[in-house]
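Take a look at the structure below.
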Amino acid sequence: MNKQRELSETIALIPSGATIMVGGFGSPGTPFTLLDELLRQGQDRLTLIKNDANEPGYGIAKLLEADRVDTLIASHIGLNRDAVQRLNSGKLKVEFHPQGILAEKIRAAGAGIFGFLSDIGIETEITDPSQIIEWQVDKSGAKRKLKVETALHADFALIHAARADHFGNLLYTDSAINFNPLMAMAAENVFAETFDLQPPGTFPPEHIHTSCAFVSAVIAVDRKRALHSEYELMEHYVED
Amino acid sequence: MNKQRELSETIALIPSGATIMVGGFGSPGTPFTLLDELLRQGQDRLTLIKNDANEPGYGIAKLLEADRVDTLIASHIGLNRDAVQRLNSGKLKVEFHPQGILAEKIRAAGAGIFGFLSDIGIETEITDPSQIIEWQVDKSGAKRKLKVETALHADFALIHAARADHFGNLLYTDSAINFNPLMAMAAENVFAETFDLQPPGTFPPEHIHTSCAFVSAVIAVDRKRALHSEYELMEHYVED
Amino acid sequence: MSKTERPVRTERILRRAAKEIQSGMIVNLGIGLPTLLPDYLPENFAGLIHSENGVLGCGSVAKRGQARPSLIDSAGHYISLKPGSSCFDSAVSFAMIRRGRIDLCLLGAFEVDTCGNLANWKIPGKLSPGIGGAMELAQKAKRLIVLSTHTDKNGRPKILEHCRLPLTAPACVNRIITDEAVIDVTPEGLLVQEIADNISTQDLQNHTEAKLIFPENSLRKF
Amino acid sequence: MSKTERPVRTERILRRAAKEIQSGMIVNLGIGLPTLLPDYLPENFAGLIHSENGVLGCGSVAKRGQARPSLIDSAGHYISLKPGSSCFDSAVSFAMIRRGRIDLCLLGAFEVDTCGNLANWKIPGKLSPGIGGAMELAQKAKRLIVLSTHTDKNGRPKILEHCRLPLTAPACVNRIITDEAVIDVTPEGLLVQEIADNISTQDLQNHTEAKLIFPENSLRKF
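Protein chains in written order, with numbering that gives the first Met the number 0: chain A, 0 to 239; chain B, 0 to 239; chain C, 0 to 221; chain D, 0 to 221.
If you want it as structure tokens, here you go:
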């Protein structure tokens, strides 16, 4: 029941070529410690699924810069000029989805369903006619053209939780929730880092965002000893 | 921004013939005060969507007994012998769904999607061939037979929240969460009752289960003055 | 029904079934016989009981004084919570089930057959209270064990060649535990693993419509 | 960019746009010009700013000392929270959007046209950083207002007969606010509602590729 694990042996479970979901919208909720260990160990030919590409020098940007990533599935990479250049030069394959559709495709995998019907982007270039079905979705009797969005799966998810217990129950905070609970439900193997690891029973059951049923391993990160400036405020965004 | 409303004028917004989602799995999370006001006001020809039919003398069972309900969309009504009799005698139309599919159909409406693809019950009598599509849902290239489950909508949702603020942010507790947050997202008009109504800012933003964006009205119920034994322990389940 | 009042048949099923639940497992207990299982687990059982109404980490039944109106299991009983429990909505609860996070589910049955088909939700014209969580649990639990008396109250077999009632799910049952035997569903058919100490193999087959396979070595008693 | 450094064109757009945000509204502010709007709202503004990364009730930009690394808006700025704010995951955030719970969304544009078509996400061969939340916001906000300079930095019209860039969403724009005019998308075409006090109707039409409709009574200045 105790899922506390050591950092390096946990990340060592990830093989080259793996598909990995990475929590975070920009920096908040990004598992910087897990990503740095992945960078250190050297796994490559990775497919990453993250909302964005972080900013240069942060998080998954470092894996991109080290040529470890073949494909990125994301919503928007505008804050990472290097990633855009890699995309334009053909060094990096990027699959874009509308942000909420990306979230919902991940959730679909987490919910054990195979896909869902949406009208988002249906009249734009992101939709191919082969993705359209006509289906009667209400009692009007009329059929409606809808896009089938399939569930998005991954072998691994790397999660940043504000707090956790040893069973693997996770709690997030502020805008650092974002994709984390969805990815924690979706991936086969879910590794969560946290600065605040507590004994089971510490948190009220209804405050837990991700139940331990979805979590494989919890890694305690000592905030004081973590060298990551990545967890601190990004100076270029701070107004005085 | 203050969504606190008076009980009778809020329930008076519901017309006869309305489709109403009702929170609760058994008693926990059932909005007994809102339901009693609906009983008192006399709206009829209702379609109710609730996991179950409560137990005789409790919650929606009283609306069934008063012949106010034409159709019930539910997962299981085994704990309400009267509802089963009404079903068998043709007095009540009941549409059954597997419990998690019912939850997911409600959530689909709440998420602004039109339906989803599932394999539940696909080889049983609850699935009609007209509900099946063949779709390529993974990279294998093979198509898979899946059932299209459409989103389930409602004009109204009646919600029981353990705590709330005046903006309509809702928090639930224990097993009284159940269908409440899903229905609060799904319905056009969402009325929530609570024993504990607090000023905005009382609850940490990440503890809020249902954001006020989804909620139309909050009704403060005085627990001490509420006559409802329905909110108390059900004696026949209490072990000494 | 307190433990001391339970019939011998029920007792035997539950005692044997409790051994299937191992440390670290996430277990869902269906309504009926399986709901009674917590009484048979060791006090310090290190696993998590899932209840599909939105609880992981159910404790024992809460007695008067401890029971809270807001906290029941899916059978309607007031329960306690164990440390490390979590509560969540019905969509998450069934995400857990469909996503394959339930290690073991124990369900009751009207009928079960040679192919591991299960019928436990409807008797046409007689009983149709709804589906509840049965279809999703039957289809998606990593391991599904049926708990049932070997024959119905009229002495008729419940383990059939082919289910006749509407199915809950096809080919979903891994093991059947009755008051007479422990039987595994295998590609070859129904393989008897254990037999009650008060019954002969001949009687067991006589009480079973489906053809049973008996192992070559001697049968373990239980 | 602090408020005092903003160009006059930008200032005019933002001052006018702030009037669109009314008490009680749930408002999403797109990246670019709209993100600057909170500076132009009254101190005691009684509405809720939605940020699609999972916040409802965003406050003003947090200065050093108040800023938390875990709390940004979708443009990446550190923000404060107002009382009654809530934080949620990305699926819930976009449920809110697709479900029609956003009363008003203000977005930037590359191009907008007579039919209310919007192009703001991609310039083929030049700029394709992704879609972000734009498609869902454009398609599903109850009311969509485009904020844009009337012409691009080379003086070329951005309000076209027909968009030439890949669309974000068709027929989604309700109103266009530029430094030169406030224009509504109507079934009859683009109806000018207000005009900047430093421009003639003739110049406005000259700066606009689409044919503009001018009201019969005199135009309100802004």
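A virtual CB, placed ideally from N, CA and C, is assigned to each residue, including glycine.
Where Gln192 (chain C) is concerned, the enclosing beta strand (DSSP E) starts and stops at Gly188 to Ile194.
Here Thr123 (chain B) is buried: its Cβ has 16 or more other Cβ atoms, across all protein chains shown, within 10 Å. Here Lys220 (chain D) carries a strand assignment [DSSP, helix/strand/coil].
The beta carbons of Leu106 (chain C) and Asn119 (chain C) sit closer together than 8 Å. The C-alpha of Ile125 (chain B) lies about 10 Å from the C-alpha of Glu94 (chain B). Thr9 (chain B) counts as buried, since at least 16 other C-beta atoms from the protein chains shown sit within 10 angstroms of its C-beta. From the beta-carbon of Gly23 (chain D), the residues of chain B found nearer than 8 Å are Met0. Ile121 (chain A) has a beta carbon lying at 8 Å or more from every beta carbon in chain B. Put simply, the CB of Pro169 (chain C) is near chain B, with a gap under 8 Å to one of its CB atoms. Contact note: Met95 (chain D) reaches chain B through Gly111, Met184, Ser210, Ala212 and Phe213, using a C-beta cutoff of 9 Å and chain order. At a cut-off of 8 Å between beta carbons, Ile207 (chain B) contacts chain D. CA-to-CA, the gap between Leu117 (chain D) and Glu110 (chain D) works out to about 6 Å. One finds Gly83 and Ser85 in chain C with Cβ atoms closer than 8 Å to the Cβ of Asn168 (chain A), taken in chain order. Between Gly111 (chain A) and Thr149 (chain A), the C-beta spacing is not below 8 Å.
Contacts with chain D (Cβ-Cβ distance below 7 Å) from the region 126-155 of chain A involve no residue at all. In chain order, Phe24, Ser174 and Asn177 make up the part of chain A whose C-beta sits under 7 Å from the C-beta of Asn52 (chain D). Comparing alpha-carbon positions, the option among D:Thr148, D:Ala133 and D:Ser89 lying closest to Ile176 (chain D) turns out to be D:Thr148.
Measuring C-alpha to C-alpha distances from Asp43 (chain A) to each of A:Glu64, A:Pro55 and A:Phe31 identifies A:Glu64 as the nearest. Taking a Cβ-Cβ cut-off of 7 Å, the neighbours of Tyr236 (chain B) in chain C comprise Gly75, His76 and Tyr77, given in sequence order. Taking a C-beta cut-off of 7 Å against chain C, the contacting residues of the region 61-92 of chain B are Ala73, Ser74, His75, Ile76, Gly77, Leu78 and Val83, listed in chain order. With respect to chain B, the C-beta atom of Lys139 (chain D) has a partner C-beta closer than 8 Å. Sorting C:Val60, C:Lys62 and C:Ile20 by C-alpha distance to the C-alpha of Ala45 (chain C) places C:Ile20 at the top. Note on Asp164 (chain B): 16 or more other CB atoms within 10 angstroms of its CB, so buried under the neighbour-count rule.
Counted as a single uninterrupted DSSP element, the alpha helix (DSSP H) harbouring Arg80 (chain B) occupies residues Arg80 to Asn87.
At the C-beta level, Ala74 (chain D) and Ile30 (chain D) come within 8 Å of one another. Contact between the region 73-88 of chain C and the region 148-160 of chain C is absent: fewer than three C-beta pairs spanning the two stretches fall below 8 Å.
Per the coordinates, the alpha-carbon of Asn53 (chain A) lies some 57 Å from the alpha-carbon of Arg39 (chain B).
Below 8 Å, enough C-beta pairs join the region 0-16 of chain A and the region 180-197 of chain A to call them touching: three or more. Annotation: Thr9 (chain D) is outside any beta strand (DSSP E); the continuous alpha helix (DSSP H) that includes it extends over Val7 to Ala17.
In this chain, Thr148 (chain C) is not harboured by any alpha helix (DSSP H), its DSSP state being neither H nor E. By the rule that beta-carbons nearer than 8 Å mark a contact, Leu80 (chain C) touches chain A.
As DSSP reads the structure, Phe213 (chain C) sits in no beta bridge.
Listed along the chain, the chain D residues whose CB falls inside 7 Å of the CB of Gly200 (chain B) are Pro82 and Gly83. When C-beta atoms of the region 219-236 of chain A are compared with those of the region 128-139 of chain B, fewer than three pairs fall below 8 Å, so the two segments do not count as touching. Residues of chain C with a Cβ closer than 8 Å to the Cβ of Gln98 (chain B) are, in chain order, Glu51, Ser89, Phe93, Ile130, Gly131, Gly132 and Glu135. Rounded to whole angstroms, the separation of the alpha carbons of Pro198 (chain B) and Arg100 (chain D) is 22 Å.
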